[in-house]
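Residue numbers (UniProt numbering), protein chains in the order written: chain A, 1 to 467; chain B, 1 to 467.
These notes concern the structure reproduced below.
2 protein chains.
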Amino acid sequence: MTQHAPLSDIRFDPESEGAGFDAAFIAIEVARLLHEGQTDAIREFLESQELADIAALIDELNDGDDLDVLRLLPLHDQAEMLGYLRPRAQVDLATRIPRRELVALMTAMSHDERADLFKQLDEEAQEAILPALSKAEREDLRRLAAYEEWTVGSVMTSDYAVLKPEMTTSQAIEALRAQAIEAETIYYAYIIDEARALIGVVSLRDLLTARPRQQVAEIMDTEPVWVRADDEQEEAARLVARYDLLALPVLDNSDRLVGIVTADDAMDVTEEEVTEDFYKSSIVQPLEMSVADASIALLYRARIFWLVLLVFGNIFSGAGIAYFEDTIAAHLSLLFFLPLLIASGGNAGTQSATLMVRALATGDVRPADFGRLLSREVLIALALGLTMALAVSLIGVWRGGPEIALVVALAMVTIVLMGALIGMCLPFIFAKIDRDPAAASGPLVTSIADVLGVIIYFTIAARLLEL
Amino acid sequence: MTQHAPLSDIRFDPESEGAGFDAAFIAIEVARLLHEGQTDAIREFLESQELADIAALIDELNDGDDLDVLRLLPLHDQAEMLGYLRPRAQVDLATRIPRRELVALMTAMSHDERADLFKQLDEEAQEAILPALSKAEREDLRRLAAYEEWTVGSVMTSDYAVLKPEMTTSQAIEALRAQAIEAETIYYAYIIDEARALIGVVSLRDLLTARPRQQVAEIMDTEPVWVRADDEQEEAARLVARYDLLALPVLDNSDRLVGIVTADDAMDVTEEEVTEDFYKSSIVQPLEMSVADASIALLYRARIFWLVLLVFGNIFSGAGIAYFEDTIAAHLSLLFFLPLLIASGGNAGTQSATLMVRALATGDVRPADFGRLLSREVLIALALGLTMALAVSLIGVWRGGPEIALVVALAMVTIVLMGALIGMCLPFIFAKIDRDPAAASGPLVTSIADVLGVIIYFTIAARLLEL
């Protein structure tokens with residue numbers, strides 16, 4: 001058994017420095033052991049590893065080898081490990097697993113993850129699997145898979161723990177023990193009536209600390225936080241974060257309990273939403289997959305729309321310049337300051353916009369705070385503009401004399417103030433008209449600030465220089 | 001008791017539409033009841049509410065009223081509620097609570113939250129509290145408060161549950177029952193030896209599903225994921241997310257268990273880090289507090305540095321224009337296209353940068369993927385550039401004839417390609433030199449793209465128009 005010694009010595013951390021190398025390196029080792037038939041050594045190695053890391057390893061293995069390694073795991077671990085694979089890798093693996101084996105695997109998977117996998121399979125594969133599942137599971141799968149992509153329903157799971165209100169706490173703990181293999185979590189249990197209406201939530205912690213003969217009904221929280229299945233998924237993530245929940249119950253429109261959103265799934269939703277906000281803030285449309293998996297055509301489509309749109313927006317800047325052609329022709333040295341003036345307006349605007357977009361997203365600032373923040377922003381922008389005017393007027397004196405310096409300094413204060421106010425107001429306007437404030441930032445603010453910057457600069461120049 | 005009827009009917013959701021109004025409205029109602037002496041009505045209302053919402057209510061109440069309402073809560077709820085207040089509101093309240101009451105409150109708080117509060121108090125208040133605490137608590141407080149702001153130690157808590165390896169699972173469950181009031185979580189328990197070295201982790205779920213006479217040592221995970229106390233806090237958040245943990249054990253440099261980071265605290269860290277990344281991506285320096293709480297001076301300082309720096313960067317764009325003054329004077333119509341060409345380079349660059357920054361942050365892309373992504377980016381950028389060249393050449397023909405159209409189209413392809421490659425490479429370069437890739441985006445990319453855009457455009461124009 002000396003062959004596997006190097007393997008167990010490796011601290012397997014594919015995210016750390018030189019990480020790609022490590023996962024790939026272990027994959028090579030594992031493949032070698034596999035071809036030598038040293039399956040016991042691999043099994044022993046796998047036992048010492050986290051499932052998320054095993055998923056990274058399986059992702060690195062060649063087709064065929066990955067299936068062989070997967071099969072060395074106990075069925076329950078196989079099922080859980082699948083949930084850690086990227087969607088694309090998951091489907092790729094699933095389509096190569098023989099049908100009977102895949103059915104067993106999907107039966108063991110948590111309900112939300114198997115619904116996600118099922119949705120990704122092609123119709124033929126779906127049709128092959130459905131008849132092999134039990135009726136209850138087939139219905140559960142169909143129901144979960146039917147929710148639209150952006151809803152709470154699409155991220156919830158239906159394998160939650162339930163209790164009856166009349167149970168004693170010790171009976172309840174026994175009941176949770178029995179549900180522990182199936183349920184996604186047993187740390188929160190849900191109490192429902194005959195119509196499946198949610199009447200309370202109890203934590204395992206409360207069950208353990210209560211007296212053994214107390215009834216569940218006495219200790220349960222009868223006004224728990226909940227969410228609707230067709231609400232937006234980010235609402236579930238927001239509630240989980242706000243109330244520090246391990247899981248959040250999900251009700252349908254008839255108030256029946258249909259699922260829970262666990263904290264780790266809520267974290268995934270938050271990560272997705274944050275990525276989307278980053279994209280929007282730099283005029284990239286949502287990809288709905290990792291950028292590493294996205295095709296060239298998909299990335300092209302996600303980027304071209306706003307790029308072309310803003311080209312047309314920038315025509316106004318060009319038109320502004322053309323309108324002042326005479327002023328420019330008379331004072332060509334004005335052009336030297338054009339880039340830094342319009343860039344400053346855009347930069348100040350980008351700052352304000354990001355501060356507001358982020359504060360609105362985290363709830364630090366509410367639409368009602370607009371007035372108070374606006375007056376503060378005016379003062380900050382004036383201070384910023386004056387500092388920058390000072391800096392730029394020195395360059396102005398050097399490049400074009402005191403008159404040009406005055407024009408440039410005046411333009412700077414005005415443009416920075418204008419940029420900052422646009423950056424500050426646009427997110428609130430977007431929020432008001434029910435659009436995502438995240439879209440009201442970066443390039444859009446910059447483009448508007450560019451147009452106005454050109455007009456402000458040359459208007460001031462035309463007035464002051466042609467007295 | 002009819003007075004409080006309107007109160008209990010309100011669905012208290014301060015984050016939803018018109019939220020500010022609701023929390024403020026309830027505060028008015030509660031203040032009225034308070035002044036009428038209807039404390040029972042308020043107490044009944046509070047019992048039906050989540051602590052996070054009560055914190056929002058207390059935040060809205062006037063000084064004095066907030067203390068009165070706080071005192072209507074049981075001590076344990078008071079302590080937990082405090083943790084939901086914004087840091088500034090927490091300190092404001094704490095400094096008005098009589099010392100003896102504050103000591104009782106801080107004794108009941110979770111260890112991490114009381115250390116955070118303690119750090120915010122002024123020295124006088126700190127000195128007043130310390131002697132009143134028990135020796136163990138004083139030491140715990142000092143130890144937790146000593147960790148630097150950005151470390152794992154600063155977000156961990158020391159009130160974790162511990163078990164002995166030789167306990168049977170039923171003894172272990174009894175032990176957790178006893179620790180349930182004090183411990184932050186009892187869903188994971190930590191097994192340590194006499195030197196406090198971490199030898200294993202076991203979940204309450206595993207304890208419940210094991211046979212009652214099995215020993216903890218047999219079922220515990222002996223190779224749990226852990227983190228060092230002086231690692232960066234985002235490392236803890238990353239591990240919690242990657243391995244879907246409810247809590248992560250924290251070791252000191254002698255491998256002793258010193259704390260845990262819970263999933264909800266990890267989520268808070270992630271939110272902070274995301275905010276910082278958003279700020280960096282739009283040249284705002286980290287604020288270390290909510291933008292709503294930040295002073296004008298602090299916001300000014302966070303913004304001025306990069307604004308001025310980029311002004312000087314943009315001087316190069318101005319110098320570029322000045323260098324080509326003759327070409328421009330001969331063909332003033334070229335100026336019309338200047339804004340849209342340089343904006344397009346910046347916009348394409350911002351897109352690429354954001355895609356890379358976010359993918360590096362989530363781990364979707366690793367530095368080792370650079371080569372593969374670069375060649376893909378070239379193809380995407382060419383496709384984007386050609387599309388935009390087509391759009392802009394039509395405007396070119398209309399504004400300046402076929403020669404100008406050719407210049408503008410050629411410049412567009414080159415500038416978009418250049419911008420996209422800068423946006424793509426800069427985050428990787430920053431990662432390579434151990435700076436945060438998030439800083440390599442937006443305005444910085446735009447500024448570089450501006451300078452090069454000016455040079456590219458007029459170089460092409462000078463060559464083609466003066467043949």
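Just so it is clear, CB atoms sit at the ideal spot from N, CA and C, and this is done for glycine as well.
Quick caveat: nothing in here was measured; it's all calculated off a predicted structure.
Looking from the CA of N253 (chain A), the closest CA among A:M388, A:L82, A:G200 and A:V152 belongs to A:V152. DSSP, read as helix, strand or coil, puts R96 (chain B) in coil. Sequence-ordered contacts of the region 222-233 of chain A with chain B read E223 and V225 [C-beta pairs closer than 7 Å].
Think of a sphere of 8 Å around the beta carbon of V392 (chain B): the chain A residues whose beta carbon falls inside it are V311, in chain order. Taking 8 Å as the CB threshold, N253 (chain A) stays off the interface with chain B. Inside the region 167-214 of chain A, DSSP marks whole beta strand (DSSP E) runs of 3 or more residues at positions 188-192 and 198-203, from first to last along the chain.
As a beta-bridge residue in DSSP terms, I260 (chain A) pairs with A:T157 and A:P249. For the pair L421 (chain B) and A368 (chain B), the CB atoms are not nearer than the 8 Å cut-off.
Within chain B, the residues placing a beta-carbon under 8 Å from that of I283 (chain A) are N347, T350 and Q351, ordered along the chain. If the five residues before and after V392 (chain A) are omitted, its C-beta is found closer than 6 Å to the C-beta atoms of V408 and M412, all from its own chain and listed in chain order.
Residue contact with chain A for R376 (chain B): present (Cβ-Cβ distance below 8 Å to some residue of chain A). At least 8 Å separates the CB of M418 (chain B) from every CB of chain A. Residue pairing of E232 (chain A) in beta bridges, as defined by DSSP: A:T151. In the DSSP assignment, V413 (chain A) is bridged to no other residue. Residue pairing of V227 (chain B) in beta bridges, as defined by DSSP: B:V250.
With fewer than three CB-CB distances shorter than 8 Å, the region 161-172 of chain B does not count as touching the region 158-167 of chain A. The alpha carbon of A145 (chain A) has as its nearest neighbour, out of A:A405, A:W398, A:K119 and A:D22, the alpha carbon of A:K119. Taking a Cβ-Cβ threshold of 8 Å, none of the residues of chain A is close to V407 (chain B); the smallest such distance is about 14 Å. If you draw a straight line from the Cα of E273 (chain A) to the Cα of D230 (chain A), it comes to about 17 Å. Taking CB atoms only, I199 (chain B) has no neighbour in chain A less than 8 Å away. Below 8 Å, too few C-beta pairs join the region 334-342 of chain B and the region 425-437 of chain B to call them touching: fewer than three. Restricting attention to A:R463, A:A136, A:A236 and A:A353, the CA atom closest to the CA of S281 (chain B) is found in A:A353. Spanning the alpha carbons of L310 (chain A) and P74 (chain A) requires a straight line of approximately 55 Å.
If the five residues before and after D265 (chain A) are omitted, its C-beta is found closer than 6 Å to the C-beta atoms of V155, all from its own chain and listed in chain order. Any Cβ of chain B closer than 8 Å to the Cβ of E271 (chain A) would place that residue at the interface, and such an atom is present. Taking a C-beta distance under 8 Å as the contact criterion, I186 (chain A) and A180 (chain A) qualify as a contact pair. The beta-carbon of F278 (chain B) is placed less than 8 Å from the nearest beta-carbon of chain A. Counting along the chain, K119 (chain A) sits inside the alpha helix (DSSP H) bounded by residues H111 to Q120.
For N314 (chain A), the neighbours in chain B by C-beta distance under 8 Å run, in chain order, P339, L340, A343 and S344. When CB distances to chain B are screened at a threshold of 9 Å, the residues of the region 438-455 of chain A falling below it are S441, G442, P443, T446, S447, D450, V451 and V454, in chain order.
Non-local beta-carbon contacts of P286 (chain A) in its own chain, meaning distances under 7 Å to residues more than five positions away in sequence, involve E276 and Y279 in chain order. Contact of M267 (chain A) with chain B by beta-carbon distance below 7 Å involves A241 and M267.
Around E235 (chain B), the same chain offers V152 and V227 as residues with beta carbons nearer than 7 Å, after the five sequence neighbours per side are excluded.
Scanning the region 299-369 of chain A for uninterrupted alpha helix (DSSP H) segments of 4 residues or longer gives 325-330 and 338-362, listed from N- to C-terminal end. Scanning A:G349, A:R366 and A:A361 for the CA closest to the CA of V378 (chain A) turns up A:G349.
When only Cα atoms are considered, G320 (chain A) and D53 (chain A) end up about 57 Å apart.
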